[in-house]
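Numbering (full-length UniProt numbering), first residue to last: 1 to 346. Below is one structure, written out as structure tokens; comments come after it.
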Amino acid sequence: MRRARENWFDRKWKNRRALRARERRSAKYRARLEREEGGTPEPGGDDAPLAVSDDASIGVVCEVRSDIRVVMAGERCYANLTRVPLVVGDRVRFVVEGNHAVILEVLPRKSKLVRMRGDATRRSAFSKEEHVLAANVDVAVIVASAAAPPFHPRLIDRYLIMCQYGGIRPLICVNKIDLVTTRPDLSLYTDMDIPVVYVSALTGAGMERLKQHLRGRCSVLTGKSGVGKSSIFNALLRESIQRVGELTRTGRGRHTTTSSLMYRLDHDTFIIDTPGIRSLGLWDIDPDSLRLYFPDFLPFATACRYRDCSHTHEPDCAVKEAVSRGEVAPGRYESYRRLMNELVGK
């Protein structure tokens with residue numbers, strides 16, 4: 001144990017030294033660019049706005065592993081450590097000097113897949129922070145399992161909220177259908193115009209249909225650990241790039257993917273693989289706005305007695321009446337109640 005702690009400390013110290021060294025190189029390079037362009041350095045040191053030269057290139061961050069960000073520009077990749085919290089899919093403006101590249105600007109994100117990192121049960125804002133999993137993606141493929149780990153509709157509902165918050169189209173992909181005789185009934189999601197694809201990464205069943213949904217788009221694979229994301233990723237690429245993990249005895253799954261990667265399937269189709277998630281906290285969602293992330297409630301919410309009805313304890317709630325009539329799925333309402341209790345700290 002002591003040896004393991006020493007190794008961890010050594011690695012952490014080396015990473016910090018590398019970070020400081022590369023920050024110094026980046027600062028010197030930015031200062032030289034400003035001198036060449038005749039600009040005056042802005043106050044604030046390294047936190048000052050970055051100068052953008054006319055000959056800078058546009059690249060896409062295609063890999064994030066620990067501290068290192070790899071920027072893809074055409075067929076060439078350049079690694080650079082930066083203080084900007086880059087994620088896979090970020091579009092950046094950069095310049096090349098020798099064997100290195102310096103990122104000058106992170107362009108605005110058109111979409112993002114984001115969750116909360118930290119303790120959701122604590123009220124302090126300092127215990128929570130935004131964790132962006134991927135940026136500038138068109139489709140989020142929410143991978144679930146038909147077998148082990150068990151299918152978890154409450155987790156699916158959380159992912160749908162993440163997609164709506166980040167401006168991403170969701171697609172539900174149920175893997176491991178070769179291990180069951182009866183597929184999970186997800187008609188309540190198809191009724192909400194959310195595509196559902198049943199696949200088996202092992203046998204290849206359903207993979208062509210999944211590819212049709214991904215063609216011409218930038219997609220991100222996300223889901224709980226152990227659902228077979230890496231196996232689907234390998235099947236899409238037709239080669240074994242990611243290690244395939246085995247389930248732990250708890251049935252929770254192992255984190256096979258430990259870094260985020262972007263791959264090109266063809267000339268206009270990209271796919272991002274992200275590490276598996278065991279817990280999923282919602283970011284920047286408050287109790288007052290939660291009902292807006294359940295679109296199947298909206299047709300009934302206008303008939304509630306109170307305009308700001310939370311659909312929990314108020315009398316004459318049309319949403320609760322719709323649940324009792326079977327017009328709103330009880331499972332969806334249960335997801336809503338659980339999330340509401342989590343957000344209000346119950």
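All residues carry an ideal CB built from backbone N, CA and C; glycine is no exception.
- Around the beta carbon of Tyr306, a 10 Å sphere encloses fewer than 16 other beta carbons of the protein chains shown; the residue is thus reported as exposed.
- The three-state secondary structure of Gly216, taken from DSSP, is coil.
- Using a Cβ-Cβ distance cut-off of 8 Å, the region 220–228 and the region 267–274 are in contact, since at least three pairs of beta carbons, one from each stretch, lie closer than that value.
- With a contact defined as Cβ atoms closer than 8 Å, Ser200 and Asn234 miss out at about 13 Å.
- Here DSSP, grouped into helix, strand and coil, assigns Met262 to strand.
- Within the same chain, Cβ atoms closer than 6 Å to the Cβ of Val88 are found at Val61, Val64, Ala134, Ser260, Met262, Ile272, the five residues on either side in sequence being excluded.
- Selection Ala147, Leu292, His100 evaluated against Thr181 yields Ala147 as nearest (Cα-Cα).
- Look at the beta carbons and you see the region 294–308 not touching the region 196–211: under three pairs across the two are nearer than 8 Å.
- For Val196 and Ile156, the gap between their C-alpha atoms comes out near 12 Å.
- Nearest in C-alpha terms to Asn136, of all of Arg183, Ala329, Val114, Glu130, is Val114.
- Per the C-alpha coordinates, the member of Ser230, Asp268, Leu107 positioned closest to Gln212 is Asp268.
- Residue environment: Leu160 is assigned as buried (16 or more neighbouring CB atoms within 10 Å of its CB, all protein chains considered).
- Ser145 carries a strand assignment under DSSP once its states are collapsed to helix, strand and coil.
- Going by beta carbons, Arg158 and Ser335 fall inside the 9 Å limit.
- Here Lys211 carries a helix assignment [DSSP, helix/strand/coil].
- The three-state secondary structure of Arg109, taken from DSSP, is coil.
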